[in-house]
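Positions 993 to 1897 (this note's numbering) are the ones given, in order, by the sequence shown.
Report on the following structure.
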Amino acid sequence: MQAPTPAGPTAGRFLLWALGAVLALTLGLTVYAYFSGDDHTLPVGTVAQLAPVPVTVAQVPAGADSLALQANGYAVTQTYDVAGPLLWPDAAAAWCAVLGLSLVVWLAVISQQARLAFVAGAVPVIFLLMSLNLDALGVFGEQHQYFLMLTLATLLLPAFLLHAFFERVGLGWRLLLFAGLVAALAALLLTKSTQPAAYVVLHLAAFGTPAGSVVVVLLSLWVGVELVYGLLWFNTQGATPRGRFGLMPFVLSSVLLLGILLLYYWNDGQLAVLPGIHLEPYVLLLLAAVVGWWSLPRRLPTYQAWLPLRAAAPLYLVLTLLATAAVGYAAATANEPLLQAGREAVNLILLGLSTAFFLYVLLNFGPLIRQKLQVHRVAFDPRRVPFFAVYLLGAGIVAAVLMRNGFDLLSRARSGEYIQLGDLTRYQSEQQPDNFYLAALAERYYAEADQLDPRNARAAFGRAALYQARAQRQNEINILRTTLLREPNEKAFLRLGARFDQPTDFFDRQQILRQALRELPARPRLNAEMAQLYTRSALTDSVQYYLRRSLAADADNPVARTNWLAFLLKNGQLSAARAAAAEAAQPTWPAWQNNAWLLQLLQGQFQPVAAARPAVDSALTVAQFAQLYHVGLAQAARRDTALLPLLESLQQVRSNENFHDQLAFLHGLQLLRAGRPSAGFDQLEALATGTAEGYYQQVLGTYLLERGLFPAAAARLSRAEQAGNPAAALPATYAWYWAGRPDSAQQLATRAVRARPQAATGLQRLLSGAVPPPAAQARPLAAAYSAVAQLAQKDSKAAAAQYQRLAQADPFDETGTVQAAAFFTQSQDPLTAYELTRRALSYNPTSVPLLKSFVFAAADAGLEEYAAEAEQKLSRLLSSPEYSIFRSQYEKRRVIHQAAAAPWN
């Protein structure tokens, strides 16, 4: 066989090459859409959850106990959910571009043909333009058909003029003319339409669906005989009779082909060719189209009365291009009813026409094939049975089958059309959420599609998306349940299970996943979902069982491995977590990487995590937040503040409001652990409200304990214990003991032991034995205060600035604050001393040195009335002799100030 090589001008040859290139590109995009369309339209995503796991940031040694400054780390777990159906405007634009290009070539070619061929070619153009519902796009208003009339006149009038009066105009000029006209109409449509460009292309693609279906049928009708003709060519193409096979091999191969097509029909559209590989009629159509292109010159006797070869070749490529693009767009939108209708139509047409052509060949050329002659050269030039009998018999077979089945193919194709219209209307409804009419219309389209094809999960997903957008949870659950009653569908199971995401929904979700695994037992996602569900129970064996099943089906399942690592971390199984992390290290999975970092934090390995630089967006995902949070904790443990600028910028992003408290806590903790503890303390104290009060009060109290401010720490930790945080009882007891209040310590410990005897080992040890003394507390700014003391002997002005800076930065340093207050008192600046001690007392209100310094500074500044409350505190905190000494010192300073302030006369 030889490819068609029509003798003609250069424009004709260039057109064939250009169409061939576009067809190859379209075929590639169609193959891509075939394999990725379902995942793009109904993407299976993950929903991340945060499970708190306490992480020790610092420790305060206390004999056999270790009082930890703990913060919540977060293990990330993931469950599946199905979004969509999402629309694909790029795919719609590609389909529209192919439609426009085909229109250009079609009009240019038919305008060169005879009158009958021109009229026959113009009729489908008219019906195509009418079916696109162009005036609904509102170029000249939606109530009039002005744009349709303009389009018909713009395209068909020049075509008629070229056909009737300008026959000598070359093909190249015709192509340029129609390309310009189509481009001008497209530009007018896009610029003057009341709808955005994305909606315009989606509208054209949706309303072009019936035309695409018709084109697939027309191509199937044209190439319906080509598979048998290809077998005939293979059997008779040898150069010598010895190289040809004869009648019996042709009959056997043809019967095998017809048997495969018949079995596909008999098995209701399912036929396994090899294990895991099913027959795809679209592949057979592609093979037939390839054979049809090569056999186009041989078929010339069947169509030369209508078209010359130089016109048939580009029109054939246009037909193939449109059919390929139509199938590609249906695949890109996961329009399974339309795809399945196309499969069954292609198979039925190939079966009917191949059977008819096989009989035609036997009746006309059986003896010649037996003689091993090159029958393929004359297969379309018969002497007995005319070729049109093939189409009469084939069409009769197809019509008989369709009538027997009640024209179910047409119903399925209409179902696919309604799905496209439903998607389009739903898209418009999402742009206008207050327009309930559009939502009702979209639901009606989906309902019609559902009724025409009951096994139609795609329409159910569309209705579920409508209900989800309007927060109609029960309606969404009902439509998904109805879909699953008809046919199992993994994505429907996942989406239905995701709707039951509350702790009280455990048994509902369990029932859904059990049903899913009965129907689809080897699906890794469903097994991973069941494993994750059982992590909410005490059934550890069930978690491991379903995890093994998930990994057996997909060893690289990121969700299963991430959830398993999180499960081990939540249950404190660090050795098993280390083994799991080493077994399948996957740093490219953000959730898994986060859990691996959490494991390092639990092991006290802060340096690797603190040095990490996670990639985060301005709008944080759950996994990104958890990664950033753990890096911040590790830096806080190392007294590093490198993350502060990023935290401050992320807190300003409105979409991060779900993480506002955690980001504020991390920001405050880094400040608290670094050089500005007062700012961090203020931020954390602002968070200590509501149900989280006990947690934040413990963090603040433990920090005060670490700084050696035992009375203030005891008060904070006691408040944390009273707010419902039992973990604060042990450090609160130590704080009361070290603050010199053993009665308060024993009272708190006794109450906590009664409440939780099984978790009060440390408290029982304190009640029955001696209390270890506190460890020496370090002063972070001790060296700085010593340096300022030496500077004060040389430059009192510079020393004053340094003292103010140090006291402002760390008001928790009692010794340093008292030293600064004494300096300012000696420098005859009692007001500054008063302000420094007043601020320090706001963080440490029961510190005796600070209270004394504050009262003295108030007396020196003449502000005795403002120190009355502090003086009363000292009367309670000091013993009688100590208070008497303090009182005498205070009176002396007050008298000195009154004498200095008295008038000279």
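For glycine and all other residues, C-beta sits at the position ideal for the given N, C-alpha and C.
- Three or more beta-carbon pairs drawn from the region 1305-1312 and the region 1010-1018 are found closer than 8 Å, and the two stretches are therefore classed as touching.
- Beta-bridge partners assigned by DSSP to S1058: P1053.
- For V1131, there is no enclosing beta strand (DSSP E), as DSSP marks it with neither H nor E.
- For V1265, the enclosing beta strand (DSSP E) starts and ends at 1264-1266.
- Three or more pairs of CB atoms, one per stretch, sit closer than 8 Å, so the region 1055-1072 contacts the region 1682-1698.
- By the Cβ neighbour-count rule, P1293 is exposed, with fewer than 16 other Cβ atoms within 10 Å of its own.
- In the assembly as shown, Q1654 is a buried residue. Its beta-carbon has 16 or more other beta-carbons within 10 Å.
- Below 8 Å, too few C-beta pairs join the region 1538-1547 and the region 1077-1088 to call them touching: fewer than three.
- Rounded to whole angstroms, the Cβ separation of Y1826 and F1804 is 19 Å, and the two are not in contact under 8 Å.
- Only residues of its own chain outside the window of five on either side were considered, and among them L1288, Y1295 have a CB closer than 7 Å to the CB of A1304, listed in chain order.
- With a 10 Å radius around the Cβ and a threshold of 16 neighbouring Cβ atoms, Q1739 comes out exposed.
- Here DSSP, grouped into helix, strand and coil, assigns Q1070 to strand.
- Sixteen is the threshold: since fewer than 16 other Cβ atoms of the shown chains lie within 10 Å of the Cβ of M1240, the residue is exposed.
- The region 1579-1665 is shown to contain whole alpha helix (DSSP H) runs of 4 or more residues at 1582-1594, 1598-1602, 1614-1629, 1636-1643, 1652-1665, in chain order.
- Here DSSP, grouped into helix, strand and coil, assigns V1370 to coil.
- With a cut-off of 8 Å on Cβ pairs, the region 1407-1426 is not in contact with the region 1339-1357, counting fewer than three such pairs.
- A distance below 8 Å between beta-carbons, with the five flanking residues on each side excluded, links A1572 to the following residues of its chain, in chain order: R1553, W1556, L1557, L1560.
- Residue burial annotation: L1248 is exposed, with fewer than 16 other C-beta atoms found within 10 angstroms of its C-beta.
- With contact defined as three or more Cβ pairs closer than 8 Å, the region 1498-1508 and the region 1471-1488 are in contact.
- For R1450 against P1582, the beta-carbon gap comes to about 31 Å, at or over 8 Å, which does not count as contact.
- Beyond the five residues adjoining it in sequence on each side, R1369 comes within less than 8 Å, by CB distance, of R1290 in the same chain, given in chain order.
- In the DSSP assignment, the residues bridged to P1046 are N1064.
- Going by beta carbons, F1848 and Y1882 fall inside the 8 Å limit.
- In the pairwise beta carbon analysis, the region 1123-1131 is classified as touching the region 1189-1198: at least three pairs are separated by under 8 Å.
- Using a Cβ distance threshold of 8 Å, V1645 and L1635 do not count as a contacting pair.
- F1804: not part of any alpha helix (DSSP H); DSSP gives it neither H nor E.
- If you draw a straight line from the Cα of L1007 to the Cα of E1134, it comes to about 37 Å.
- Annotated three-state conformation of A1178 is helix, per DSSP.
- Spanning the alpha carbons of V1393 and M1141 requires a straight line of approximately 40 Å.
- Residue A1628 holds the alpha-carbon nearest to the alpha-carbon of A1050 among A1721, G1854, A1770, A1628.
- A straight line joining the alpha-carbon of A1405 with that of A1333 spans about 6 Å.
- In this structure, the beta-carbon distance from L1692 to F1673 falls below 8 Å.
- Spanning the alpha carbons of F1453 and R1605 requires a straight line of approximately 40 Å.
- Counting along the chain, no alpha helix (DSSP H) covers A1297, and no H or E run does either.
- Where K1865 is concerned, the enclosing alpha helix (DSSP H) starts and stops at 1860-1869.
- Proximity of the region 1215-1232 to the region 1345-1355 meets the contact definition, three or more beta-carbon pairs being nearer than 8 Å.
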